[in-house]
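This report concerns only the one structure given below.
Protein chains in written order, with our numbering: chain D, 1 to 112; chain A, 113 to 226.
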């Protein structure tokens, strides 16, 4: 069965410090992995997806199939990065089916 | 471009009642998915609608049902409400011909069952 685990419910760092939000998944096939973010008083939105291999707002995430992980990283956190971050898995790679499996989320707080 | 809109934003019901939540998809999107988000949890997939038909369902009982209309808007209906149905219900739209996996979410309807 598909499962997405975000072990940290809360994560606090100081501005300028590196940040890593952990995500592990269980799935036997080749999934697509995503990070969604929800800023205060805003709706849930896509941050990045592993197939794009892009950096968004300074964040990157590498899919490690051996460790079944998709950790989100940023070398220098900013106060505006404070938000709830959700890791999500699409088991139907290449499909537009809107079924994603979400982790429980990690609340990131960046202190000034 | 109009984003996903949901109504109502908040509502309170009692056990055993029925509720209907509504969602208008983003302009140009023909697929609507519904998610339930309990407090402290991530969104959990309920079902998806494409071309007015249910196209995938999560682990939810039949008392959770839905509709999609020709204009791609959608409804989520929950019968015989239970206390555990209290949650934020999120609607998300996407395009069947667009990028996979990117969902555009509404702000949600917060349901409280007393």
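All residues carry an ideal CB built from backbone N, CA and C; glycine is no exception.
Distance, residue 124(A) Cα to residue 87(D) Cα: Taking the first chain and counting its residues from 1, one reaches residue 87(D) at position 87. Taking the second chain and counting its residues from 1, one reaches residue 124(A) at position 12. Each residue's Cα considered, the two are about 30 Å apart.
Extent of the continuous beta strand (DSSP E) to which residue 49(D) belongs: For this step, residue 49(D) is matched to residue 49 along the first chain. Segment 45–49, the beta strand (DSSP E) holding residue 49(D).
Chain-ordered residues of the stretch 152–172 of chain A with a beta carbon less than 8 Å from chain D: 152, 153, 154, 155, 156, 157, 160, 167, 168, 170
Given 8 Å, three or more beta-carbon pairs between the stretch 34–48 of chain D and the stretch 132–145 of chain A: no
Short CB-CB distance (under 9 Å) between residue 114(A) and chain D: Numbered from 1 along the second chain, position 2 holds the residue referred to as residue 114(A). For residue 114(A), the answer is no, since every Cβ of chain D falls outside 9 Å of its Cβ.
Any chain E beta carbon closer than 9 Å to residue 39(D): Considering every chain present, this structure includes no chain E. Its protein chains are D and A.
Interfacial residues, the stretch 134–151 of chain A to chain D, with Cβ spacing under 7 Å: 143, 145
Buried versus exposed call for residue 65(D) [16 or more other C-beta atoms within 10 Å across all chains shown]: The sequence position of residue 65(D) within the first chain is 65, counting from 1. Exposed is the call here.
Reduced DSSP secondary structure (H/G/I, E/B, other) of residue 187(A): Taking the second chain and counting its residues from 1, the one referred to as residue 187(A) is at position 75. Correct three-state label for residue 187(A): strand.
Residue 26(D) vs residue 49(D) beta-carbon contact at 9 Å: Translated into positions along the first chain, residue 26(D) becomes position 26. Translated into positions along the first chain, residue 49(D) becomes position 49. No.
Cα-Cα separation between residue 120(A) and residue 171(A), rounded to whole angstroms: By 1-based counting over the second chain, the position of residue 120(A) is 8. By 1-based counting over the second chain, the position of residue 171(A) is 59. The alpha-carbon atoms of residue 120(A) and residue 171(A) are separated by roughly 24 Å.
9 Å Cβ cutoff, residue 121(D) in contact with chain A: Chain D is shown from 1 up to 112; residue 121(D) falls before or after that span and cannot be answered.
Buried/exposed call for residue 62(D), threshold 16 Cβ in 10 Å: The residue labelled residue 62(D) in the question sits at position 62 within the first chain. Exposed, since its Cβ has fewer than 16 Cβ neighbours within 10 Å.
Cross-strand partners of residue 135(A) (DSSP beta bridge): Here the question's residue 135(A) lines up with position 23 in the second chain. For residue 135(A), which the question treats as bridged, DSSP gives the partners 118(A), 186(A).
The stretch 77–88 of chain D: positions lying closer than 9 Å to chain A by Cβ: 86, 87, 88
For residue 25(D), the residue or residues it bridges with in DSSP: Residue numbering aside, residue 25(D) sits at position 25 when the first chain is read from its first letter. Residue 25(D) pairs with 4(D).
Beta-carbon neighbours of residue 102(D), restricted to chain A and to distances below 9 Å: Along the first chain, read from residue 1 onward, the residue named residue 102(D) stands at position 102. Ordered by position in chain A, the residues that pass the 9 Å Cβ test against residue 102(D) are 147, 149, 153, 154, 155, 156, 157.
Cβ neighbours of residue 14(D) in the same chain (closer than 6 Å, five flanking residues each side left out): Taking the first chain and counting its residues from 1, the one referred to as residue 14(D) is at position 14. These residues qualify, in order along the chain: 111.
Backbone secondary structure at residue 195(A) - three-state DSSP: Translated into positions along the second chain, residue 195(A) becomes position 83. Correct three-state label for residue 195(A): helix.
Extent of the continuous beta strand (DSSP E) run through residue 83(D): Along the first chain, one-based indexing puts residue 83(D) at 83. Its beta strand (DSSP E) spans residues 83–90.
Rounded straight-line distance, which links the Cα of residue 67(D) to that of residue 217(A): Position 105 of the second chain, counted from the start, is the residue given in the question as residue 217(A). Position 67 of the first chain, counted from the start, is the residue given in the question as residue 67(D). Going by the C-alpha atoms only, they are around 30 Å apart.
Contact list for residue 98(D) against chain A, beta-carbon separation under 7 Å: As a working note, residue 98(D) is residue 98 in the first chain. Chain A residues near residue 98(D): 143, 145, 160, 204, 206, 215.
9 Å Cβ cutoff met for residue 46(D) and residue 109(D): Against the first chain, residue 46(D) aligns to sequence position 46. Against the first chain, residue 109(D) aligns to sequence position 109. Cβ distance not < 9 Å, so residue 46(D) and residue 109(D) don't count as in contact.
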